[in-house]
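S.K.:
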Amino acid sequence: MWKVLLVISSVVLAGGAYLSYSNMGAVKEKAAEVASQKDTLEKRKASLEEAKVQVAALTQSVQTLNDEAEGLATEKIDLDSKVVESQSNLKAMEANLASSKEALQDARDLVGNIQKVEALQKEMIQIRTQIEESEIEVTQLEGAVVTAQVDADRLEKVASELSALRTDQEAGIIRGEFQSQIKKAYNQWGFVIVQGGNDQGVVDKAQMNVYRRGMPICKLLVTSVEPTETVADIIPGSLAAGQTVQIGDTVVKTVRAVAPAPVPVEAGAAAPALPGAQPAAPQPAAAPAMDAGGAAPDPFGGGVMTPAPAPAADAAPDPFGGSAPAMETPAPPAPGAAPAPGAAPDPGAAPAPAPGAAPDPFQ
């Protein structure tokens with residue numbers, strides 16, 4: 016009997032040892048995964064701190080530009096005052112010149128009086144000298160007025176350029192041409208990383224289009240800008256059916272139609288047409304209210320973002336350590352706008368058409 020119990024005890028101990036060994040391997044794998052996630056989180060925190068430092072630097076630059084604009088405005092006021100003073104002096108000189116001419120004419124009328132010829136000649140010489148000096152002063156004042164006007168025009172142009180630059184930055188408009196490629200794509204998380212940043216003129220809140228072999232893939236909204244790369248969200252509803260963003264896809268800025276500023280014209284005169292001006296884009300209707308579930312509406316008309324279950328076991332991990340947000344089912348593209356579902360991806364896509372060459376399929 017004791018032999019049977021001994022055999023059973025040996026079997027139980029062997030099974031316990033095997034289970035302990037298996038659990039030890041699983042624990043080690045779990046610890047390694049936790050360590051990897053912690054390392055990723057630390058890197059993202061460091062990147063966030065760098066972004067905060069850059070935002071502080073940009074804020075300081077904006078404050079410096081504001082101070083310079085105020086200084087230029089003060090200098091313009093001083094120059095305007097000098098121009099007014101110079102015009103007043105010019106009018107006084109013109110009055111003196113007219114008076115001198117009248118005196119000269121009176122002197123010419125008195126030339127017939129022989130006894131006063133010498134006195135009149137001396138007086139005429141003095142008047143002529145005064146006239147020459149007045150003409151020199153008038154010439155100098157005219158030059159000063161022209162210089163002041165040029166300086167005033169230059170200051171107005173600088174102030175207008177600073178105001179336009181600030182307005183474009185606040186509106187998320189990229190100045191100049193911008194074309195780049197997708198550096199990294201996180202389709203399951205709804206964002207991508209684009210090569211090129213604020214060194215290439217990219218600003219926050221800017222919109223971009225993604226193309227592959229000339230066909231539109233989706234639209235992007237810039238959420239974070241660094242000197243050499245940009246983080247952008249995939250705008251819900253803009254992704255073509257059956258497509259995903261891939262590394263190497265072409266990225267170009269979205270060309271927005273801007274209404275030209277009104278130009279004041281005289282009564283009865285036709286307003287000059289601006290070359291290359293585009294009509295203003297129609298204003299969208301009021302933003303839709305939040306749905307019953309409390310989800311925020313998409314500002315670009317792509318529907319409402321709703322939460323989704325956790326990602327599948329084979330899904331790529333979230334680089335920030337969070338759960339994967341659900342991407343809304345993209346709206347079907349216009350006929351002929353996107354390739355057929357299941358087409359083979361092509362990282363070496365052809366560049367998108369130049370702005371203005373073809374209508375934007377996302378507008």
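For the sequence shown, this note's numbering gives the first residue as 16, with consecutive numbering after it.
Note that CB positions come from ideal geometry on N, CA and C, so glycine has one too.
Check whether the segment 237-254 and the segment 203-223 touch, using three or more Cβ-Cβ pairs below 8 Å as the test.
M.R.: With the cut-off at 8 Å, the segment 237-254 and the segment 203-223 touch.
S.K.: Taking all protein chains shown into account, decide if Tyr-36 is buried (16 or more other Cβ within 10 angstroms of its Cβ) or exposed.
M.R.: Exposed is the call here.
S.K.: Classify Arg-143 as helix, strand or coil using the three-state DSSP reduction.
M.R.: It is helical.
S.K.: Count the other CB atoms within 10 Å of the CB of Ser-195; is the residue buried (16 or more) or exposed (fewer)?
M.R.: Burial call: buried.
S.K.: With three or more beta-carbon pairs closer than 8 Å as the criterion, would you say the segment 182-199 touches the segment 214-227?
M.R.: Counting Cβ pairs under 8 Å, three or more are found: they touch.
S.K.: Just to confirm, is the Cβ distance from Ser-115 to Gln-145 under 7 Å?
M.R.: Yes. Within cutoff.
S.K.: Please classify Val-68 as buried or exposed, where buried requires at least 16 other C-beta atoms within 10 Å of its C-beta.
M.R.: Exposed, by the Cβ-count rule.
S.K.: Using 8 Å for Cβ pairs, my map puts Leu-94 next to Asp-166. What's the rounded Cβ distance?
M.R.: So it is a contact: roughly 5 Å between Cβ atoms.
S.K.: Between which two residues does the beta strand (DSSP E) harbouring Leu-235 extend?
M.R.: Counting along the chain, the beta strand (DSSP E) containing Leu-235 begins and ends at 230-240.
S.K.: Tell whether a beta-carbon distance below 7 Å holds between Val-260 and Ala-200.
M.R.: Result yes, Cβ atoms of Val-260 and Ala-200 sit closer than 7 Å.
S.K.: Hey, would you say Asn-224 sits closer than 7 Å to Val-267, going by beta carbons?
M.R.: Their beta carbons are under 7 Å apart, which means Asn-224 touches Val-267 by this criterion.
S.K.: Could you pull out every unbroken beta strand (DSSP E) segment of at least 3 residues lying fully inside the segment 176-215, listed in chain order?
M.R.: Counting whole runs of 3 or more residues, the segment 176-215 contains the beta strand (DSSP E) stretches 194-201, 206-210.
S.K.: Determine the closest residue to Ile-385 out of Ile-197, Thr-89, Gln-75, Ala-84, with distance taken between C-alpha atoms.
M.R.: Lying outside 16 to 378, the shown extent of the chain, residue 385 is not represented and no answer is given.
S.K.: Under 6 Å Cβ to Cβ from Gln-164, same chain only, skipping five residues before and after it: list those, please.
M.R.: Result list for Gln-164: empty, nothing under 6 Å.
S.K.: Evaluate Ala-179 with the Cβ neighbour count: other Cβ atoms within 10 Å of its Cβ, from every protein chain shown; 16 or more gives buried, anything less gives exposed.
M.R.: Burial call: exposed.
S.K.: Which stretch, first to last residue, makes up the alpha helix (DSSP H) that contains Val-266?
M.R.: Run containing Val-266: none in the alpha helix (DSSP H); it sits in the beta strand (DSSP E), 265-268.
S.K.: What are the partner residues of Thr-245, as DSSP defines its beta bridges?
M.R.: DSSP lists Val-209, Val-240 as partners of Thr-245.
S.K.: Give me the Cβ distance between Met-108 and Val-173, rounded to the nearest whole Å; I'm assuming they're in contact under 8 Å.
M.R.: With a Cβ gap of about 32 Å, Met-108 and Val-173 do not count as contacting.
S.K.: Select from Ile-142, Trp-204, Gly-30, Lys-137 the residue whose C-alpha is nearest the C-alpha of Glu-117.
M.R.: It is Ile-142.
S.K.: In terms of residues, what are the limits of the beta strand (DSSP E) holding Gln-75?
M.R.: Looking at the DSSP string, Gln-75 is not in any beta strand (DSSP E); the run it does join, the alpha helix (DSSP H), is 17-124.
S.K.: Is the distance from the Cβ of Lys-91 to the Cβ of Leu-177 below 7 Å?
M.R.: For Lys-91 and Leu-177, no; Cβs fall outside 7 Å.
S.K.: Let me know the secondary structure DSSP gives Val-218 once reduced to three states.
M.R.: Val-218 falls in the coil class under three-state DSSP.
S.K.: From Asp-264 to Val-161, what distance separates their C-alpha atoms?
M.R.: Rounded to the nearest angstrom, the two C-alpha atoms are 54 Å apart.
S.K.: Considering only residues of the same chain and omitting the five flanking positions on each side of Leu-235, which have a CB-CB separation below 8 Å?
M.R.: Within the same chain, Leu-235 has close Cβ partners Val-207, Val-209, Gln-222, Met-223, Asn-224, Val-225, Ala-247, Asp-248, Ile-249, Ile-250, Val-266.
S.K.: Between which residues of its own chain and Val-240 is the CB-CB distance below 6 Å, once the five residues before and five after are set aside?
M.R.: Within the same chain, Val-240 has close Cβ partners Gly-212, Asn-213, Val-217, Asp-219.
S.K.: Distance, Cα to Cα, Ser-103 vs Asn-111?
M.R.: Distance between the alpha carbons of Ser-103 and Asn-111: 12 Å.
S.K.: In the structure shown, what three-state DSSP assignment does Val-225 receive?
M.R.: Strand.
S.K.: Beta-carbon within less than 8 Å of Pro-290's beta-carbon, same chain only, minus the 5 sequence neighbours each way: which residues are those?
M.R.: Caution applies to Pro-290, whose pLDDT of 40 falls short of 50 and renders its modelled position unreliable; the model cannot decide the point.
S.K.: Measuring straight from C-alpha to C-alpha, what distance separates Val-42 and Glu-48?
M.R.: Taking the straight line from one Cα to the other gives about 10 Å.
S.K.: Any idea what DSSP makes of Ala-167, helix, strand or coil?
M.R.: Three-state result, Ala-167: helix.
S.K.: Put Gly-257 into one of helix, strand or coil per three-state DSSP.
M.R.: Coil, per DSSP.
S.K.: From this set, Asp-168, Thr-74, Thr-238, which residue's C-alpha is nearest Pro-88's C-alpha?
M.R.: It should be pointed out that residue 88 corresponds to Ala in this sequence rather than to Pro. It is Asp-168 whose Cα lies nearest to the Cα of Ala-88.
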